[in-house]
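**Q** Submitted below is the structure of interest, expressed as structure tokens.
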Amino acid sequence: MPELPEVETVARGLQLSVAGRTIPSVTLGKTDFIDDPGAVERELPGTRIERVERYGKFMLLRLTNDSESAENLQRALLVHLGMTGNLVPAATTTPVVKHTHVTFALDDGRELRFVDPRRFGRMAYLAGEALQEELTRFGAEPLTVTPDAFAKRIQGSNARIKALLLNQSVLRGVGNIYADESLWKAKIHPARKGSQLKRDESNRLLRELKKILHKAIELRGSSISDFVDTEGYAGEYQQHHKVYGRDGEKCLRCGSKIKWMPVAGRSSHYCPVCQRAPRGAGKRRVAGKGQWRAKISTKTEPRRQKAKPKWRFLTSKA
DNA sequence: CTCGATCCCTGGACGC
DNA sequence: TGCGTCCAGGGATCGA
Numbered sequence: 562m563p564e565l566p567e568v569e570t571v572a573r574g575l576q577l578s579v580a581g582r583t584i585p586s587v588t589l590g591k592t593d594f595i596d597d598p599g600a601v602e603r604e605l606p607g608t609r610i611e612r613v614e615r616y617g618k619f620m621l622l623r624l625t626n627d628s629e630s631a632e633n634l635q636r637a638l639l640v641h642l643g644m645t646g647n648l649v650p651a652a653t654t655t656p657v658v659k660h661t662h663v664t665f666a667l668d669d670g671r672e673l674r675f676v677d678p679r680r681f682g683r684m685a686y687l688a689g690e691a692l693q694e695e696l697t698r699f700g701a702e703p704l705t706v707t708p709d710a711f712a713k714r715i716q717g718s719n720a721r722i723k724a725l726l727l728n729q730s731v732l733r734g735v736g737n738i739y740a741d742e743s744l745w746k747a748k749i750h751p752a753r754k755g756s757q758l759k760r761d762e763s764n765r766l767l768r769e770l771k772k773i774l775h776k777a778i779e780l781r782g783s784s785i786s787d788f789v790d791t792e793g794y795a796g797e798y799q800q801h802h803k804v805y806g807r808d809g810e811k812c813l814r815c816g817s818k819i820k821w822m823p824v825a826g827r828s829s830h831y832c833p834v835c836q837r838a839p840r841g842a843g844k845r846r847v848a849g850k851g852q853w854r855a856k857i858s859t860k861t862e863p864r865r866q867k868a869k870p871k872w873r874f875l876t877s878k879a
């Protein structure tokens, strides 16, 4: 599942493989994950992929056309890989795998294919102010944020630290795996409130998060299900996970049993001894009863049907 | 402000 | 073997 290191891996691969190429044409399959499919079909042909960057968990394909200088990169294709998405360069003779939803022809005869079985990925063509506006919705880049800025965002909130790490408007790029791993390394319980973290804890957390992200990038990310880089190789960081997916196994630091609890709607893996729980953690108030009950999952009822709101990059006001 | 619940989606794991 | 069911999870939205 692509988080910052996986997206960085793919972006670097694409920078080497497709930067500089022009897109003669675009072919769309299913489009329900595209903000404005018409814009992609209309605007992409004839543009050049100037460079490929990572922005949080997004990839930015910076585009130019003939009349623009490469310095004026006011157009971009934003691609979010969701959980199962990937952008893969391929020869046209390479068989098209199932769930290939977008094909960008390239001027060297190859294709860039967007494949995403679950279609949790997102794609949008944005230009000018809309592009700028979209990018400002996101928080700081984890690899470069200063300890001061990080502490300010964390300590200024009563939300739980796990939720803050996952919140893309606080930090951009951190997902469930690297949140759990960095909290374990920094010995901070996921349910601690941001405002309750001491400055040295906030510093430690950021330091460990950066180290983990760098190491994971070095190892081309974590391949949990079927993540592969641009050349088809799996990442290796999953072999270094200390808590993620290890519930029931022994803590590699103290030998206690790794536990699991839902925090911020996501499974959180932690060591109950190394990462001391805040007061009241693991309990919640049951509405109307005035009782406390263990928070361990009461599984949800069967869902009802509901109209599907079309996903938008920008909060639509029209 | 912060929370949980719900929805999107499909493949893989698991139970019978 | 072949069903059905549950689950994973990033992110938007909505109501509490």
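Going by my numbering, the first residue of the first sequence is number 562, and it counts up by one from there. C-beta: ideal position from N, C-alpha, C; glycine also. Source: prediction; values computed, not measured.
#1: So, is H641 buried or exposed, given that buried needs 16 or more other C-beta atoms within 10 angstroms?
#2: Thinking just about the alpha-carbon of each residue, which of L589, Y616, F619 is nearest to the one in L605?
#3: If you draw a straight line from the C-alpha of V571 to the C-alpha of E762, how long is it?
#4: Taking Cβ positions, are L621 and A637 nearer each other than 8 angstroms?
#5: How is L732 classed by DSSP in three states: helix, strand or coil?
#6: DSSP three-state label for T705, please.
#7: Return the CA-CA distance between I614 and A651, expressed in angstroms with no decimal places.
#8: With distances taken Cα to Cα, identify the nearest neighbour of L758 among H775, T697, V649, K723.
#9: Using beta-carbon positions only, say whether L727 and R827 come within less than 8 angstroms of one another.
#10: Please confirm whether Y831 and D741 have their CB atoms less than 8 angstroms apart.
#11: Is the beta carbon of I749 closer than 8 angstroms to that of E564?
#12: Alpha carbon to alpha carbon, how far is M822 from K844? Give it in angstroms, no decimals.
#13: Return the CA-CA distance between E695 and G734, expressed in angstroms with no decimal places.
#14: Where does P751 fall in DSSP's three states?
#15: Can you name, in chain order, every residue of its own chain whose Cβ lies under 6 angstroms from the Cβ of P708, other than the five neighbours on each side?
**A** With the structure as the only source:
#1: With 16 or more other Cβ atoms within 10 Å, it is buried.
#2: Of L589, Y616, F619, the residue nearest in Cα terms is L589.
#3: Here the C-alpha atom of V571 lies approximately 32 angstroms from the C-alpha atom of E762.
#4: The answer is yes: Cβ separation under 8 angstroms.
#5: Under the three-state reduction of DSSP, L732 is assigned to strand.
#6: Note: T705 maps to coil in three-state DSSP.
#7: The amino acid occupying residue 614 in the given sequence is Glu; Ile does not appear at that position. If you take the alpha carbons of E614 and A651, they lie about 20 angstroms apart.
#8: For the residues H775, T697, V649, K723, the minimum Cα distance to L758 belongs to K723.
#9: Yes, the Cβ-Cβ distance between L727 and R827 is below 8 angstroms.
#10: The Cβ-Cβ distance between Y831 and D741 falls below 8 angstroms.
#11: Taking a C-beta distance under 8 angstroms as the contact criterion, E564 and I749 do not qualify as a contact pair.
#12: Caution is warranted here: a pLDDT of 44 is assigned to K844, below 50, making its placement in the model unreliable, and the coordinate value is therefore given only provisionally. Looking at the backbone, the Cα of K844 and that of M822 are separated by about 11 angstroms.
#13: Their Cα atoms are separated by approximately 15 angstroms.
#14: Coil, per DSSP.
#15: A distance below 6 angstroms between beta-carbons, with the five flanking residues on each side excluded, links P708 to the following residues of its chain, in chain order: N764, L767.
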